[in-house]
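In order, the protein sequence lines correspond to chains A and B.
Using this note's numbering, you'd call the opening residue of the first sequence number 218 and step up by one each time.
Using this note's numbering, you'd call the opening residue of the second sequence number 126 and step up by one each time.
Notes for the one structure printed next.
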Amino acid sequence: AQTVTQSQPEMSVQEAETVTLSCTYDTSESDYYLFWYKQPPSRQMILVIRQEAYKQQNATENRFSVNFQKAAKSFSLKISDSQLGDAAMYFCAYRSAILDDMRFGAGTRLTVKP
Amino acid sequence: DTGVSQNPRHKITKRGQNVTFRCDPISEHNRLYWYRQTLGQGPEFLTYFQNEAQLEKSRLLSDRFSAERPKGSFSTLEIQRTEQGDSAMYLCASSPQASGQGARETQYFGPGTRLLVL
Numbered sequence: 218a219q220t221v222t223q224s225q226p227e228m229s230v231q232e233a234e235t236v237t238l239s240c241t242y243d244t245s246e247s248d249y250y251l252f253w254y255k256q257p258p259s260r261q262m263i264l265v266i267r268q269e270a271y272k273q274q275n276a277t278e279n280r281f282s283v284n285f286q287k288a289a290k291s292f293s294l295k296i297s298d299s300q301l302g303d304a305a306m307y308f309c310a311y312r313s314a315i316l317d318d319m320r321f322g323a324g325t326r327l328t329v330k331p
Numbered sequence: 126d127t128g129v130s131q132n133p134r135h136k137i138t139k140r141g142q143n144v145t146f147r148c149d150p151i152s153e154h155n156r157l158y159w160y161r162q163t164l165g166q167g168p169e170f171l172t173y174f175q176n177e178a179q180l181e182k183s184r185l186l187s188d189r190f191s192a193e194r195p196k197g198s199f200s201t202l203e204i205q206r207t208e209q210g211d212s213a214m215y216l217c218a219s220s221p222q223a224s225g226q227g228a229r230e231t232q233y234f235g236p237g238t239r240l241l242v243l
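Here it is in structure tokens:
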């Protein structure tokens with residue numbers, strides 16, 4: 218079974234600085250999708266960024282980028298120029314290309330200090 | 126259409142009572158998913174529908190849980206004889222028809238229904 222591990226329960230970053238959130242996963246499949254979702258306090262989960270495993274190029278979305286290392290089964294999220302509104306729980310998620318359930322990590326709580 | 130909606134947003138019930146939650150997906154999304162999220166954890170998959178067909182159920186979905194999507198639009202999740210361990214956030218998500226590689230795979234989440242069983 219696929220598992221997703223986020224080894225950092227909490228992270229803190231100074232406003233305008235850069236922070237990297239770690240995620241590793243375990244799978245025997247070659248085709249799959251990886252996601253980072255953001256869940257602000259008492260608000261709904263929103264998609265931050267998505268990576269298809271067959272793509273070698275790392276995905277980027279404005280200030281958010283990933284470092285996808287397929288061989289190492291690693292999928293980290295880098296947030297540049299951190300803003301106060303980035304404070305939230307961040308969940309890494311894995312979705313098989315075959316099965317339809319998405320597996321989430323336990324999350325990393327990001328605090329942004331002014 | 127502004128996104129996935131869920132009702133109610135909060136529900137407090139006594140142990141042994143039945144509760145029902147509703148999810149309205151984004152229009153024309155044919156896939157609908159239910160997840161459960163306990164405090165401090167990531168969401169856990171419960172079940173999903175493609176149109177009105179329920180295609181997969183997790184082992185987490187005991188016999189007390191039932192989900193329906195009768196017309197392929199909104200869905201309901203019912204919990205019978207609630208237990209204190211059912212207290213959690215119940216999340217609904219939907220995903221679109223495949224319009225390109227990867228598009229079908231992205232799930233859009235609703236705000237959730239927070240259940241507290243006393």
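We put the CB at the ideal spot given by N, CA and C, even for glycine.
Is it true that the stretch 197 to 213 of chain B meets the stretch 129 to 143 of chain B, where meeting means three or more beta-carbon pairs spaced less than 8 Å apart? yes
Which one or two residues does DSSP pair with residue 283 of chain A in a beta bridge? A:294
Interface residues of chain B around residue 261 of chain A at Cβ under 7 Å? 234, 235, 236, 237
Rounded to a whole number of angstroms, what is the C-alpha to C-alpha distance between residue 249 of chain A and residue 186 of chain B? 25 Å
Contacts that residue 324 of chain A makes with chain B (C-beta to C-beta distance below 9 Å): 165, 166, 167
Mind checking the stretch 138 to 158 of chain B against chain A and listing, in chain order, the residues whose C-beta falls within less than 8 Å of any C-beta there? 156, 158
Look up residue 228 of chain B in the DSSP assignment and say whether it is helix, strand or coil. Low confidence applies here, because residue 228 of chain B scores a pLDDT of 49, under 50, leaving its location unreliable; read the following figure in that light. It is coil, neither helix nor strand.
Pull up the CB-CB distance for residue 319 of chain A and residue 234 of chain B, whole angstroms please, since I reckon it's below 8 Å. Between residue 234 of chain B and residue 319 of chain A the Cβ distance is about 10 Å, and since that is not below 8 Å, they are no contact.
Which same chain residues end up closer than 7 Å to residue 256 of chain A when comparing Cβ atoms and leaving out the 5 residues on each side of it in sequence? 262, 305, 306, 308
Could you check whether residue 155 of chain B and residue 131 of chain B sit closer than 8 Å to each other, using their CB atoms as the reference points? no
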